[in-house]
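Residue numbers (my numbering): 17 to 442.
The following block contains the structure:
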């Protein structure tokens, strides 16, 4: 297999990316879809025993695996579920540092009119500025736990409004407020040169602030249970584990008297720890409606599902290659397999949703293997000069319809000659 993987070259992979993106844009044009491409951005870590691979480094492993790793970043088109791009990079590089390179990759591959949707690992002032400079749309989930940040300032300003039932959206079932802010940035920064009003520009950013009472209450109850366990262990003279020791230092006050040590809960510290629980802040230069922003962010589950498919279904949580050329080819094959699985899954999900809207009987998704087994049982009979298919009915027929594939006809058809067709090289 290693010899096969080594035959796959980087330029062929680049050609594949270009072909997929062109096809996606063409589909949008045919469908009359003028919206920008919404691309879910995320990364995962893939562990490796091969320390000689150039990108293998020790870093924050997202599966808590104590091995060196390579990071894998993907862009997935939210509507179709199609992964359109991936890239591997050093295992010790944090997520927040990858956005500038993603923008450069988009420019190199000619991907235009996009909105990047990412979680808190990618948010930050530098990345917002980079997106604005390069005319790349974005929807970032901002970190609420950074003390003194603009995010916390906005939450504190709107805290009372986010208790008002008139601010609760019936669709998302959360309280929401949108604030429009003039964001100042430097469009063409020069190294070692201070920014001035003459060189600065402003952009309107929409800061969508949400509050979910249930999440806040769950966080409160969870903290109380952890405090109870710490108090119980202290009372019984038992040793605390690492997490419990950290909590002891964060929310307890230590009292020493006559060589006796006691601990009491500091209510102010507890309140401060819970102060920003249940809040979410999404910032965008494109999406002005709070509900649309919430839904667009929720749809980024598709890239997380892609990684689950890659690592769990296809066993790609380990590289198991010894050289960089094999890694390049194997990663591409895994990417193709994941792409096919995600396309099938997304189309079946959308078909079921349409059935529910039309009060029709929805199709139950049995898993990738069952779907492929069902389609694999479609029989084709060949004869001199032609062929025909067996009968296709029931659930199998629904599968064809859901996948957007014409149902094969039982009538005989003539063999077509493909010898003169031009081959496409990737």
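Here a beta-carbon is modelled for each residue, glycine too, at the ideal position from N, C-alpha and C.
Residue i versus residue j - alpha carbon distance
{"i": "residue 237", "j": "residue 227", "result": "17 Å"}
{"i": "residue 209", "j": "residue 123", "result": "26 Å"}
{"i": "residue 435", "j": "residue 403", "result": "Note on residue 435: pLDDT 46, under 50, position unreliable in the model; the coordinate value appears next. So the alpha carbons of these two residues sit roughly 18 Å apart."}
{"i": "residue 25", "j": "residue 53", "result": "28 Å"}
{"i": "residue 231", "j": "residue 51", "result": "32 Å"}
{"i": "residue 343", "j": "residue 325", "result": "19 Å"}
{"i": "residue 442", "j": "residue 20", "result": "Confidence is the limiting factor: at residue 442 the pLDDT is only 40, short of 50, which leaves the residue's position unreliable and the question unanswerable from this model."}
{"i": "residue 166", "j": "residue 200", "result": "13 Å"}
{"i": "residue 362", "j": "residue 413", "result": "18 Å"}
{"i": "residue 268", "j": "residue 244", "result": "12 Å"}
{"i": "residue 309", "j": "residue 142", "result": "21 Å"}
{"i": "residue 423", "j": "residue 371", "result": "18 Å"}
{"i": "residue 340", "j": "residue 36", "result": "25 Å"}
{"i": "residue 149", "j": "residue 406", "result": "57 Å"}
{"i": "residue 107", "j": "residue 273", "result": "49 Å"}
{"i": "residue 198", "j": "residue 216", "result": "12 Å"}
{"i": "residue 419", "j": "residue 411", "result": "12 Å"}
{"i": "residue 117", "j": "residue 158", "result": "20 Å"}
{"i": "residue 23", "j": "residue 349", "result": "12 Å"}
{"i": "residue 241", "j": "residue 252", "result": "17 Å"}
{"i": "residue 367", "j": "residue 386", "result": "17 Å"}
{"i": "residue 43", "j": "residue 204", "result": "35 Å"}
{"i": "residue 18", "j": "residue 291", "result": "53 Å"}
{"i": "residue 421", "j": "residue 45", "result": "20 Å"}
{"i": "residue 373", "j": "residue 364", "result": "14 Å"}
{"i": "residue 145", "j": "residue 206", "result": "14 Å"}
{"i": "residue 400", "j": "residue 360", "result": "34 Å"}
{"i": "residue 168", "j": "residue 287", "result": "15 Å"}
{"i": "residue 214", "j": "residue 417", "result": "58 Å"}
{"i": "residue 437", "j": "residue 305", "result": "Its pLDDT being 43, under 50, residue 437 is placed unreliably by the model, and the measurement read from it follows with that caveat. Residue 437 and residue 305: Cα-Cα distance of roughly 49 Å."}
{"i": "residue 439", "j": "residue 369", "result": "With a pLDDT of 43 at residue 439, under the threshold of 50, the modelled position of that residue is not reliable, and no figure is offered here."}
{"i": "residue 218", "j": "residue 182", "result": "32 Å"}
{"i": "residue 395", "j": "residue 31", "result": "34 Å"}
{"i": "residue 202", "j": "residue 212", "result": "9 Å"}
{"i": "residue 258", "j": "residue 266", "result": "13 Å"}
{"i": "residue 15", "j": "residue 180", "result": "Not covered by the structure: residue 15. The range shown for the chain is 17 to 442."}
Check whether residue i and residue j have beta carbons under 8 Å apart
{"i": "residue 300", "j": "residue 154", "result": "yes"}
{"i": "residue 64", "j": "residue 100", "result": "no"}
{"i": "residue 104", "j": "residue 347", "result": "yes"}
{"i": "residue 388", "j": "residue 415", "result": "no"}
{"i": "residue 109", "j": "residue 140", "result": "no"}
{"i": "residue 223", "j": "residue 249", "result": "no"}
{"i": "residue 170", "j": "residue 225", "result": "yes"}
{"i": "residue 193", "j": "residue 176", "result": "no"}
{"i": "residue 358", "j": "residue 97", "result": "yes"}
{"i": "residue 315", "j": "residue 94", "result": "yes"}
{"i": "residue 90", "j": "residue 281", "result": "no"}
{"i": "residue 239", "j": "residue 285", "result": "no"}
{"i": "residue 187", "j": "residue 351", "result": "no"}
{"i": "residue 125", "j": "residue 59", "result": "no"}
{"i": "residue 160", "j": "residue 313", "result": "no"}
{"i": "residue 119", "j": "residue 147", "result": "yes"}
{"i": "residue 307", "j": "residue 121", "result": "no"}
{"i": "residue 162", "j": "residue 138", "result": "no"}
Nearest candidate by alpha-carbon position, reference residue i, set the options
{"i": "residue 92", "options": "355, 308, 143, 63", "result": "355"}
{"i": "residue 235", "options": "386, 283, 214, 293", "result": "293"}
{"i": "residue 134", "options": "388, 364, 317", "result": "317"}
{"i": "residue 173", "options": "311, 297, 207", "result": "297"}
{"i": "residue 262", "options": "246, 271, 251", "result": "246"}
{"i": "residue 88", "options": "419, 28, 61", "result": "61"}
{"i": "residue 408", "options": "393, 398, 120, 420", "result": "393"}
{"i": "residue 129", "options": "183, 204, 41, 46", "result": "41"}
{"i": "residue 220", "options": "46, 303, 212", "result": "303"}
{"i": "residue 311", "options": "183, 189, 137, 28", "result": "189"}
{"i": "residue 29", "options": "287, 345, 163, 399", "result": "345"}
{"i": "residue 336", "options": "49, 84, 32", "result": "84"}
Proximity test, residue i beta-carbon vs the ligand GTP heavy atom, cut-off 7 Å
{"i": "residue 399", "result": "In terms of ligand content, the structure shown is empty, and the ligand GTP therefore cannot be addressed."}
Counting pairs of beta carbons, one from the segment 274 to 293 and one from the segment 142 to 156, are three or more of them closer than 8 Å? no
Determine contact between the segment 127 to 141 and the segment 42 to 61, defined as no fewer than three beta-carbon pairs at a distance below 8 Å. yes
If we require 3 or more residues per run, which beta strand (DSSP E) segments fall completely within the segment 344 to 403? 396 to 399
Could you tell me which uninterrupted alpha helix (DSSP H) segments, each at least 4 residues in length, are contained entirely in the segment 216 to 288, listed from first to last along the chain? 229 to 251, 258 to 267
Just list the alpha helix (DSSP H) runs in the segment 114 to 186, keeping only unbroken ones of 4 residues or longer that don't cross its boundaries, in chain order. 115 to 125, 141 to 149, 166 to 174
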